[in-house]
Amino acid sequence: MTPQLALIVSRFLFDSAALGLWGASFYLSTCVHYDLTSYIEPRLHRWRIAAVALLCATTIVSLPLQAAAIGDGWLDAVSPTVLDAVLFSTNNGTAWLAQIGLVLCLAVSWLVEPRKRLYVHTLCAGLLLATLSITGHAAMNDAGLRTLHRLNDVAHVLCGGAWLGALVPVILLLRLLGDARWQEKARKALMRFSTIGHLAVAAVVISGATNTLLVVGDLPTDWSQPYQLLLGVKIILVSAMIVLALVNRYVLVPRLASTSAPALLKRLTWFEIALGLSVVGLVAVFGTLAPTA
Ligand code: HEM
124 MTPQLALIVS RFLFDSAALG LWGASFYLST CVHYDLTSYI EPRLHRWRIA AVALLCATTI
184 VSLPLQAAAI GDGWLDAVSP TVLDAVLFST NNGTAWLAQI GLVLCLAVSW LVEPRKRLYV
244 HTLCAGLLLA TLSITGHAAM NDAGLRTLHR LNDVAHVLCG GAWLGALVPV ILLLRLLGDA
304 RWQEKARKAL MRFSTIGHLA VAAVVISGAT NTLLVVGDLP TDWSQPYQLL LGVKIILVSA
364 MIVLALVNRY VLVPRLASTS APALLKRLTW FEIALGLSVV GLVAVFGTLA PTA
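Residue numbers (this note's numbering): 124 to 416.
Written out as structure tokens, the structure is:
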């Protein structure tokens, strides 16, 4: 495996874990009743540990991977000179220092009680996503525009995560619609997801289109350019996710009393998650490419 490919795999795992941890924690800490959150948290425990472990591992390896990818291959992954240069003279180094501090907070978050841990996860995962703006293509722009582009990047990943990351707790809540103890609280939490979901989808599309115009300068129609091809495929997949989300919300949710709708809704929500992970996979690749060859 080349250092470049290893770096793409590490970016994909980092982005997926950060989007998932931020989105689930933000949704549970803002939209779900405390009792219900405490009831479903044990079912999310292994997901949380896996997400935090992935964030720790991918952050630790990302610096040597950057060194190997920027340098002359795997040997530079352990070269003190190249590591020093990447750490102290590149945006990747600045982002890495912030990421190491944040994943350390996540690693020790198990020392605090569950409610506080939820807030620590929300804050740290949100800030980890924000560090992506330090290394993205926003750096190509001049000072003023660079700041605006980075703020747009931050809004983009937080809204993408608020949509995608909330889908796992949503599936758990769908299962509780048949449980008389939790039915009312679960229904309220799902309606709140529907509200923030509409806002998050609108914001991720607007910020994505802004990103596209700032990076490509036009619609990504030149598919001879790998960056534009992959971005174009990403936009098609996100369009499919939006159609799926609308079918879930306006066709299946009103029919939840029927026998087949709840099971179909759960299956389509898992499919929405799978499409979302493919979207993150695409951006993990094209984020490392030059927008125009
Ligand atoms: C579910 C919806 C979406 C998710 C989860 C998502 C996720 C992401 C992530 C994680 C990044 C940052 C990657 C990094 O810097 O490592 C990113 C960047 C980007 N996204 Fe999205 N995105 C979504 C929708 C869209 C849409 C609809 C568009 C276009 C209309 C778009 C266009 C872009 C562009 C142009 C970048 C900048 C990449 C660069 O720096 O070169 N995204 N997206």
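Note that CB positions come from ideal geometry on N, CA and C, so glycine has one too.
query: Ranges of the alpha helix (DSSP H) found wholly within the segment 148 to 214, counting only runs of at least 4; result: 157 to 193 and 203 to 212
query: C-beta contact flag for L177 and A140 at 9 Å; result: yes
query: Distance cut-off 8 Å: G301 Cβ against heavy atoms of the ligand HEM; result: no
query: Residue range of the unbroken alpha helix (DSSP H) whose run includes Q306; result: Q306 to V338
query: Coarse secondary structure for M124, derived from DSSP in three states; result: coil
query: Cα-Cα separation between L210 and D341, rounded to whole angstroms; result: 33 Å
query: Assigned secondary structure, E395 (DSSP; H/G/I helix, E/B strand, else coil); result: helix
query: Closer than 8 Å: Y350 CB and nearest the ligand HEM heavy atom; result: yes
query: beta-carbon I131 near the ligand HEM non-hydrogen atom, thresh 8 Å; result: no
query: Nearest neighbour of T254, chosen from P126, P292, G224 and E236 [CA to CA]; result: G224
query: Residue from L151, G320, F409 and V356 with nearest C-alpha to N371; result: G320
query: Through-space distance from F316 to Y150, alpha-carbon basis; result: 8 Å
query: Sequence-distant residues of the same chain with beta carbon closer than 7 Å to Y242, five excluded per side; result: S152
query: Own chain, CB closer than 7 Å to P385, minus 5 neighbours either side, in chain order; result: L297, L300 and L379
query: Validate contact between the segment 344 to 361 and the segment 400 to 416 using beta carbons, cut 8 Å, 3 pairs; result: yes
query: Under the three-state DSSP convention, the category Q351 falls into; result: helix
query: V235 versus G284: straight-line alpha-carbon distance, rounded; result: 24 Å
query: Rounded separation between V155 and L400 - CA only; result: 24 Å
query: D341 in three-state terms, based on DSSP; result: coil
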